[in-house]
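Chains as they are written, first to last, in my numbering: chain A, 1 to 482; chain B, 483 to 848.
Notes to accompany the following structure.
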Ligand SMILES: Cc1cc2nc3c(=O)[nH]c(=O)nc-3n(C[C@H](O)[C@H](O)[C@H](O)COP(=O)(O)OP(=O)(O)OC[C@H]3O[C@@H](n4cnc5c(N)ncnc54)[C@H](O)[C@@H]3O)c2cc1C
């Protein structure tokens, strides 16, 4: 993976930048020793590492503003960071950058049940947002599998999803407002406790902009009352195609489950060994979850089971208890960890139209043979968001490159059947150079024009999202201007 | 100007010498330059996959055509776009492009989301005459910046939409409405809030001061609606008498379209506020008639012609938009709420990038 050459002028001025940052931040909020900056050298895409020049850990919006103003004046690139769980290299530093971590900003600022929102600082973890309202029977809906660790900051930047977004939507559908610091240090507030924008929907653009438009320090999030209950049913099939048809038939029947998750043989086995969830031995496994009162769940599940039976399942099991439900989900949510025990893996995130599912799975299987690398599939079947996990050996020369080429082929396939490169993990550096496959130059220009407006000097997380060749003139203009 | 294809439209825009009005069905009361670019030839549903809950249509496709196609499969546009014709006094055929350009969303917005939440992808022609696409036809897509949301509610000021893809949802089997007699706005909004805070999945929450009545809609499978309406009924008993109305589709269509305001003369505004703040805001504006949708978060207000409602409002968290007024009032006050300097600079910057010659619906949004 190519990264731009660090700007030697910036590296030379490290001491000056450090001095200026120390004037606005407490000493323990500025990390500059190479032994310590290494803690920020990568995110969850661990194949790529590069320690930043400096890292800062502000505690207030004012401090964030001071940091950005100084970095803007000094021409130093800034890489915002939440918890560093990005799988796309979104928080990967460059050697000439300052990592701005919001982890110290994790307060709950306001909880308002009458208006159904919570306002938090964005360093707060996803799960602890729900934690703050759970006692009162409320929850924050987007639930990425990384929810114990990942921060709202990263969720907003990546527009993260989760298993339950078929019903509740992804981050952008649950975000009501932000406080954001612009690269010049100015602070803007967008949205709030009211709905929709009175002008252009800037909030909609900021969500999913991968830390390239501003540093989000506070967020107003929609919270919902917990349903009375939730219950999954497990279904096993001997054939991927049949499982795919079953999903489509459930959706067509008028039932909208909160989640429909799919796993193939390799993942089923790995998860079962890891979490002992009682998964059957089969080719394709579906977890379908419904919500509501006992009677409502019974009714929906009976309809779902009736549809499933028409597809000759090898296993059909409704959860009988809260413990069993938890176990079923534990298996699914630990899929990445379980696969990690088999070997190193690369996790992809393309989305396809649900109708192309059988074809895409077949083609992935063929490619797996050609590349000689095993692949497991786990994904959100209701919305077509796939997570092929390619197993490889990082210590074996050439394996990573082979794995990346395989991954790129899968993602291109996703685009070719009418889908996209990434459904919830973001582009980062990982899919950056594949953007040409999905977008024309005019499509990319329109997106980059937004960054021109928010961050005219291209200092915020500049080497991400857009193919390096597409963004080069903009990044070069900044360096030339210094 | 009435292009037959997207390519023809692109060529037309590239050759424009003067500003134009972008016209879908022309039903939403948006005025502008005499010359209009129309989308009435860019029509047709290009893809509909009920099993994937997705529909793609050209921008000029009549909303009615889309709704009929969805209806045949037991599906619907869950964001329930209103029909502006009765309120604004327009004729013509509402198009899906107009719905998207205006982010037009009805009562179900409070539960299901707005039009922007269901918009999966767009194609449009920008002010340079270039065809741009963003998003796609799949439900989960974070590939690059989300210009889809930006185009929703941009009222034609950033580009001419040519095609949109939408997430659709199953149509509920049945619906029922609970009517709570609530003597005043404060009680009414409190009742709506109590219902929206419950686990009973309310899909419409309106307070109508004219009838001193809070209306709560429940939708879904028959058994489920029966169960939830019983539960909710007892939960709301403390606010006033609760009655159950069957067959309430016409009622909700009327609420969606602000039917109560159609025959009344005066200007009509929509104010988006924090729901619990609605009673206080209503006190400030002294409107001749109000209706509270979205649990109180959306106030419809009728005021005498030319009233500067924003002056009555003063500073508040939210925004006020004119839906119906004389052209003079619209040009004096501006249809949309002025933004803070920081946001207004961003908005202007974006518009300048997308439409550098200022061709599309000039003066409409700031
Ligand atoms: C095991 C595992 C499971 C996962 N499961 C899911 C899943 O189910 N669904 C899903 O969507 N993702 C998933 N992810 C990916 C990841 O957790 C999400 O992308 C998450 O939102 C990243 O949050 P973070 O706080 O760790 O962000 P980081 O990794 O720190 O940063 C992510 C991006 O956000 C930007 N950013 C960070 N803070 C700010 C800020 N304050 N302002 C502006 N930009 C900022 C960064 O620059 C970067 O581009 C998973 C990851 C792992 C490791």
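The C-beta atom is built at its ideal place from N, Cα and C for all residues, glycine as well.
What are the residues that DSSP puts in a beta bridge with residue 260 of chain A? Translated into positions along the first chain, residue 260 of chain A becomes position 260. In the DSSP assignment, the residues bridged to residue 260 of chain A are A:288.
Determine the direct distance from the alpha carbon of residue 727 of chain B to that of residue 154 of chain A, and round the result to whole angstroms. Counting from 1 along the first chain, the entry for residue 154 of chain A is found at position 154. Counting from 1 along the second chain, the entry for residue 727 of chain B is found at position 245. Residue 154 of chain A and residue 727 of chain B have their C-alpha atoms roughly 45 Å apart.
Provide the residue span of the alpha helix (DSSP H) that contains residue 255 of chain A, from first to last. Position 255 of the first chain, counted from the start, is the residue given in the question as residue 255 of chain A. Taken as a continuous stretch (DSSP letters only), residue 255 of chain A belongs to no alpha helix (DSSP H), as it is neither H nor E.
Minimum Cβ-Cβ distance from residue 689 of chain B to chain A less than 8 Å: Here residue 689 of chain B refers to the residue found at position 207 of the second chain. Cβ-Cβ to chain A under 8 Å: no for residue 689 of chain B.
Cutting at 6 Å between CB atoms, please list the residues of its own chain near residue 183 of chain A, excluding the five before and the five after it. Stepping through the first chain from its first residue, residue 183 of chain A is reached at position 183. Counting only residues of its own chain and dropping the five nearest sequence neighbours on each side, residue 183 of chain A has a CB closer than 6 Å to the CB of 68, 72, 455, 459, 460.
Output, in chain order, the set of chain A residues within a Cβ distance shorter than 9 Å of residue 844 of chain B. For this step, residue 844 of chain B is matched to residue 362 along the second chain. Residues of chain A passing the Cβ test: none, with the nearest at roughly 15 Å.
Spatial distance of residue 176 of chain A from residue 368 of chain A (CA atoms): As a position in the first chain, residue 176 of chain A is number 176, starting the count at 1. As a position in the first chain, residue 368 of chain A is number 368, starting the count at 1. In this model, residue 176 of chain A and residue 368 of chain A are separated by some 42 Å (Cα to Cα).
For residue 117 of chain A, tell me which candidate among A:106, A:306, A:323, A:129 has the shortest Cα-Cα distance. The residue given as residue 117 of chain A occupies position 117 in the first chain. The residue from A:106, A:306, A:323, A:129 with its alpha-carbon nearest to that of residue 117 of chain A is A:129.
Considering only the beta carbon of each residue, do residue 201 of chain A and residue 632 of chain B sit closer than 8 Å? Counted from its first residue, the first chain places residue 201 of chain A at position 201. Counted from its first residue, the second chain places residue 632 of chain B at position 150. For the pair residue 201 of chain A and residue 632 of chain B, the CB atoms are nearer than the 8 Å cut-off.
Just to check, is the beta-carbon of residue 383 of chain A closer than 7 Å to a non-hydrogen atom of ligand 1? Taking the first residue of the first chain as 1, we reach residue 383 of chain A at position 383. Residue 383 of chain A Cβ: outside cutoff for every heavy atom of ligand 1.
I believe residue 514 of chain B touches residue 254 of chain A by the beta-carbon criterion, under 8 Å. Please report the beta-carbon distance rounded to the nearest angstrom. Taking the second chain and counting its residues from 1, the one referred to as residue 514 of chain B is at position 32. Taking the first chain and counting its residues from 1, the one referred to as residue 254 of chain A is at position 254. Rounded, the Cβ-Cβ distance is 42 Å, inconsistent with contact.
Flag residue 150 of chain A as yes when its Cβ comes closer than 7 Å to any non-hydrogen atom of ligand 1, and as no otherwise. Taking the first chain and counting its residues from 1, one reaches residue 150 of chain A at position 150. It does: the Cβ of residue 150 of chain A is within 7 Å (strictly closer) of some heavy atom of ligand 1.
Look at the Cβ atom of residue 361 of chain A, then the Cβ atom of residue 385 of chain A, and state whether they are nearer than 8 Å. Counting from one through the first chain, the residue named residue 361 of chain A turns up at place 361. Counting from one through the first chain, the residue named residue 385 of chain A turns up at place 385. In this structure, residue 385 of chain A does not lie closer than 8 Å to residue 361 of chain A by Cβ.
Check: residue 58 of chain A C-beta below 7 Å from any heavy atom of ligand 1: The sequence position of residue 58 of chain A within the first chain is 58, counting from 1. No, the Cβ of residue 58 of chain A stays beyond 7 Å of every heavy atom of ligand 1.
Are at least three pairs of beta-carbons, each pair with one atom in the segment 88-107 of chain A and one in the segment 119-129 of chain A, less than 8 Å apart? The segment 88-107 of chain A and the segment 119-129 of chain A touch, with no fewer than 3 CB-CB distances between them shorter than 8 Å.
Determine which residues share a DSSP beta bridge with residue 315 of chain A and list them. Residue mapping note: residue 315 of chain A aligns to position 315 of the first chain, counting from 1. Residue 315 of chain A is bridged by DSSP to A:236.
Count the CB pairs spanning the segment 226-243 of chain A and the segment 304-316 of chain A that are closer than 8 Å, and state whether there are at least three. Here the segment 226-243 of chain A lies against the segment 304-316 of chain A, with 3 or more beta-carbon pairs under 8 Å apart.
Could you tell me whether the Cβ atoms of residue 358 of chain A and residue 261 of chain A are closer together than 8 Å? What you label residue 358 of chain A is simply residue 358 of the first chain in a count that begins at 1. What you label residue 261 of chain A is simply residue 261 of the first chain in a count that begins at 1. One thing to note: residue 358 of chain A has its Cβ no nearer than 8 Å to the Cβ of residue 261 of chain A.
Contacts that residue 534 of chain B makes with chain A (C-beta to C-beta distance below 8 Å): Along the second chain, read from residue 1 onward, the residue named residue 534 of chain B stands at position 52. For a Cβ distance threshold of 8 Å, residue set 248, 251, 353, 354, 355, 384 of chain A lies close to residue 534 of chain B, ordered along the chain.
Separation of residue 580 of chain B from residue 608 of chain B, as counted between CA atoms: The residue you call residue 608 of chain B lines up with position 126 of the second chain. The residue you call residue 580 of chain B lines up with position 98 of the second chain. The alpha-carbon separation between residue 608 of chain B and residue 580 of chain B amounts to approximately 16 Å.
Proximal residues, the segment 407-429 of chain A versus chain B, C-beta separation under 7 Å: When C-beta distances to chain B are compared with 7 Å, the residues of the segment 407-429 of chain A below that value are 418, 419, 420, 421, 422, 423, 424, 426, 427, in chain order.
Determine, for residue 747 of chain B, whether the minimum Cβ-Cβ distance to residues of chain A falls below 8 Å. Reading the second chain from its first residue, position 265 is the one you call residue 747 of chain B. So, not an interface residue.
Exposed or buried, which one is residue 599 of chain B when buried takes at least 16 other CB atoms within 10 Å? Here the question's residue 599 of chain B lines up with position 117 in the second chain. Around the beta-carbon of residue 599 of chain B, 16 or more other beta-carbon atoms lie within 10 Å, marking it buried.
Is residue 173 of chain A near ligand 1, going by C-beta to nearest heavy atom under 7 Å? Counting from one through the first chain, the residue named residue 173 of chain A turns up at place 173. No - ligand 1 has no heavy atom lying nearer than 7 Å to the Cβ of residue 173 of chain A.
At a Cβ threshold of 8 Å, is residue 235 of chain A touching chain B? Here residue 235 of chain A is taken as the residue at index 235 of the first chain, counted from 1. No, no contact with chain B.
Does the beta carbon of residue 424 of chain A fall short of 7 Å from some heavy atom of ligand 1? What you label residue 424 of chain A is simply residue 424 of the first chain in a count that begins at 1. Because some heavy atom of ligand 1 lies under 7 Å away, the Cβ of residue 424 of chain A counts as near it: yes.
Against residue 821 of chain B, what residues of chain A qualify as contacts under a CB-to-CB distance less than 8 Å, listed in chain order? To locate residue 821 of chain B, count along the second chain from 1; it is residue 339. Near residue 821 of chain B (Cβ distances below 8 Å), the residues of chain A are 198, 199.
Kindly identify the DSSP beta-bridge partner or partners of residue 31 of chain A. Along the first chain, one-based indexing puts residue 31 of chain A at 31. Under DSSP, the beta-bridge partners assigned to residue 31 of chain A are A:55.
I'd like to know whether the C-beta atoms of residue 291 of chain A and residue 331 of chain A end up nearer to each other than 8 Å. Translated into positions along the first chain, residue 291 of chain A becomes position 291. Translated into positions along the first chain, residue 331 of chain A becomes position 331. No; because the gap between Cβ atoms is not below 8 Å, this pair is not in contact.
Less than 8 Å between CB atoms is the rule here; does residue 831 of chain B satisfy it with respect to chain A? Here the question's residue 831 of chain B lines up with position 349 in the second chain. Taking 8 Å as the CB threshold, residue 831 of chain B lines the interface with chain A.
What three-state label does DSSP hand residue 385 of chain A in the structure shown? Here residue 385 of chain A corresponds to residue number 385 of the first chain, with the count starting at 1. DSSP places residue 385 of chain A in the strand class (E or B) of the three-state scheme.
Separation of residue 752 of chain B from residue 885 of chain B, as counted between CA atoms: Look at the range of chain B in this structure, 483 to 848, and you will see that residue 885 of chain B is not part of it.
Going by Cα to Cα distance, which pick from A:308, A:269, A:263 is closest to residue 249 of chain A? As a working mapping, residue 249 of chain A is identified with position 249 in the first chain. Residue 249 of chain A has its Cα closest to that of A:308, out of A:308, A:269, A:263.
Against chain B, which members of the segment 264-297 of chain A pass a CB distance test of less than 8 Å? Those residues of the segment 264-297 of chain A that come within reach of chain B (Cβ to Cβ, closer than 8 Å) are 292, 293, 295, 296.
How far does the beta strand (DSSP E) with residue 101 of chain A in it extend, from its first residue to its last? In the first chain, residue 101 of chain A corresponds to position 101, counting from 1. It spans 98-101 - the beta strand (DSSP E) in which residue 101 of chain A sits, taken as one unbroken run.
For chain B, check one thing: does any of its Cβ atoms lie closer than 8 Å to the Cβ of residue 207 of chain A? In the first chain, residue 207 of chain A corresponds to position 207, counting from 1. At a cut-off of 8 Å between beta carbons, residue 207 of chain A contacts chain B.
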